[in-house]
Amino acid sequence: MEYELPVPRPPAKEFENAEAIRTIEDHPQLFKITTPIKVDVLESCLESHPNPEFVSSVMTALKEGFWPWADTHHAADFPITWDNARMSPRSGMEQQFIAKYRDEEIAAGRFSEGFGPELLPGMYSTPVHAVPKPHSEDFRMVSNMSAGPHAPNRMILHSDIAGSHLDGLHTFFSAILRFRHRSPDNVHKVLIAFKSDVSKAYRLCPMHPLWQLKQVVTTGYLTGEQKAAGEVETLVRTADHNNNFGGRGSGRVWYSVNGLVTWVAINVEGIEDLGCYVDDDFGFDEWGKLEYYEPYDVFYPSKQTKLLKLWDHLGVPHSKPKQLFGLQLVIIGFNVDPNAMTATMPEESKAELVLAIRHFALSNRRNLQEYQQIAGWANWSFNVFPLLKPGLCNVYSKMGGKTNPFAGIALNSAVKDDLRWLADHIENSNGICCFDAVDWDPILDATVTVLCDACLNGMGFWVPRIACGFVCPTPDLPEGDEVIFFFEALCVCAAIHWVADTLSPELRKRVTILTDNTNTVDIFNSLRASPTYNPILKSAVDVMVSHGIDLRVLHILGSENDVADALSHSQFSRARELVPRLLILSFEPPHDMLGASKC
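To convert, count from 1 in the sequence shown and add 294; that's this note's numbering.
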């Protein structure tokens, strides 16, 4: 939030849509700004926020309605009015749920009163349907704002709404590690996890009337059985005043508001180590530190009670069943134990993800929206499988530069190989990530340190602990490759394989590798690289997983990496001058990462 650009207002050209403006002016009762959030109270809590322009833009949007980063193209290739709402309910139960939801939203002031049956000029209506909630007999309402050639979501570029930050489990466990390091007494304290849920989160944000025009909900469609019985169809139109779950910009709208609420919780109320993922805020507190929350007649962890009281002060709604805490707790879909420092993916979730990835990889063609969905699901799993990020390399490469959500994108062999690799690793894992094991200093706590370097003609690494160096000529590569970067990364990967093949489990537990190539440091620390270098990362991850290696790759100045430099240039005399008893042996890089290149 401290570096966010202001949220947008409707561009001036949107006010040139005469039909839309006339509809809003002639039917003001259909377009309202409604939110339970006490905007003036929230604004007063944000006086010391370091990004006042962003704060001001969000406060204006809460008062006048959000604009979801859209360009409606009303003067170009998009029609002024568009009705694509027809979708027959699959059952009477779905039909009843949709009608009930509509009536509840009208009563809550988030839908307008019904009108119709025709749309007014400037309006768009897209299909709505009910989908079952996971692990529940309930439904939730979905507005399919991506359906059809003139769908509202096609007015919003993905690049304009990308970049919102969601806190994952690494945020949660890193906060626990910081807490432990603050005092020796904290190491032995029993911790309790908590999770608080905002009710109707997205729906708290009002949309600008010019966008309310684009999210008209149409209900009253008959089921197939009702049509066959000759029943008469009566359509009801309602303008949706608020942010919905089907809009491409909806997440960014909500994060803009909730990010500020969370900032107040941390920086004004002093609720330390608070994380936020969509509509869930989560954190931890010391066992026994409970505080009474009168509205629910419950003693909650002190931090959680402070958060609920803040939400009450700001008008953020919540409900008792969604305020949870315990020694173990499900957070963002994972079973979390703050004392064991573990997070576990449930077996059912793991099986569903593996099945979805394998099913996707069997296809020869998928559209961009499907690519984004499988990538999002896999990214969620990286909370407990952080080493498996190379599995999405070619998926992201295929998605690059694409904007049409329904345009087909071929799955080449690289995409399929990556996804099968990802599915295999997830399937073979126990689903448990131990975050305590990652808490070590790469200089002081490493069980072994390796220094690497490469040049156009050779690669070399050495292990100071045993005064032993290893050398290899560089393999042939296709013309045009950034060969130095490739060889530097290949050398690091070869060193990881040497550690796995040679050292005992105790010695290979915590490995630090030093290289003077910053690009190599970056790809190994992020586990994200271009397709050219991704086989190197996958090969390294394979042995890190199979041999229980925790790796850190750090940068070293070239002037301080003189032994590895001498080895890579086959300057063995110089290397032995620097380390008199240096034993020099040859190595071969693993062949699995070289593709068509031969070593």
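Cβ atoms here follow ideal geometry from the backbone N, Cα and C, with glycine treated the same way.
Only a predicted model underlies this, so the values are computations on that prediction, with no experimental measurement involved.
DSSP three-state assignment for residue i, whether helix, strand or coil
| i | result |
| --- | --- |
| Ile374 | coil |
| Lys616 | helix |
| Glu308 | helix |
| Ala740 | coil |
| Val562 | coil |
| Thr826 | coil |
| Leu716 | helix |
| Thr806 | strand |
| Asp479 | helix |
| Gln652 | The amino acid at residue 652 is misidentified as Gln; the sequence shows Arg. DSSP places Arg652 in helix when its eight states are reduced to three. |
| Leu681 | helix |
| Val333 | helix |
| Asn661 | strand |
| Val526 | coil |
| Ser880 | strand |
| Trp756 | strand |
| Asp711 | helix |
| Ile626 | coil |
| Cys749 | coil |
| Cys893 | The predicted model places Cys893 with a pLDDT of 34, which falls under 50 and marks its position as unreliable; any figure quoted below should be read in that light. Three-state result, Cys893: coil. |
| Ala441 | coil |
| Gly416 | coil |
| Gly457 | coil |
Proximity of residue i and residue j at Cβ, strictly below 8 Å
| i | j | result |
| --- | --- | --- |
| Gln509 | Pro446 | yes |
| Cys339 | Val558 | yes |
| Ile807 | Ala783 | no |
| Ala717 | Arg659 | no |
| Gln617 | Leu604 | no |
| Gly545 | Ser437 | no |
| Ala379 | Pro421 | yes |
| Arg804 | Trp734 | yes |
| Leu797 | Val835 | no |
| Thr328 | Arg404 | yes |
| Ile400 | Thr532 | yes |
| Ile450 | Gly514 | no |
| Thr599 | Glu580 | no |
| Ser351 | Gln663 | no |
| Leu463 | Val630 | yes |
| Lys644 | Ile720 | yes |
| Val709 | Lys696 | no |
| Val301 | Ser453 | no |
| Ala788 | Phe881 | yes |
| Thr283 | Val857 | Not covered by the structure: residue 283. The range shown for the chain is 295 to 893. |
Cβ neighbour criterion (16 or more within 10 Å) applied to residue i
| i | result |
| --- | --- |
| Ser867 | exposed |
| Ala740 | buried |
| Ser862 | buried |
| Lys832 | buried |
| Leu649 | exposed |
| His502 | buried |
| Arg448 | buried |
| His535 | buried |
| Pro684 | buried |
| Tyr297 | exposed |
| His791 | buried |
| Ala424 | buried |
| Lys892 | Annotation note: pLDDT 38 at Lys892 (below 50); position unreliable, no value reported. |
| Phe578 | buried |
| Gly359 | buried |
| Thr636 | buried |
| Ile830 | buried |
| Asp461 | buried |
| His459 | exposed |
Opposing strand residues paired with residue i [DSSP bridges]
| i | result |
| --- | --- |
| Thr636 | Asp631 and Cys728 |
| Asp491 | Asp574 |
| Arg434 | Val425 |
| Leu845 | Val805 |
| Glu585 | Tyr594 |
| Cys766 | Met753 |
| Val511 | Thr532 |
| Ile450 | Ala364 |
| Leu485 | Glu580 |
| Phe700 | The partner list for Phe700 (beta bridge, DSSP) is empty, contrary to what the question assumes. |
Residue i Cβ short of 7 Å to the ligand GDP heavy atom set
| i | result |
| --- | --- |
| Phe405 | Here there are no bound small molecules, and the ligand GDP is not part of this structure. |
Checklist entry - Any contact of the segment 306 to 321 with the segment 479 to 491, i.e. 3+ C-beta pairs under 8 Å? => result no
Checklist entry - Do the segment 512 to 529 and the segment 330 to 347 meet, that is, are 3 or more Cβ pairs less than 8 Å apart? => result no
Checklist entry - Is there contact between the segment 721 to 731 and the segment 762 to 769, where contact requires at least three CB pairs shorter than 8 Å? => result no
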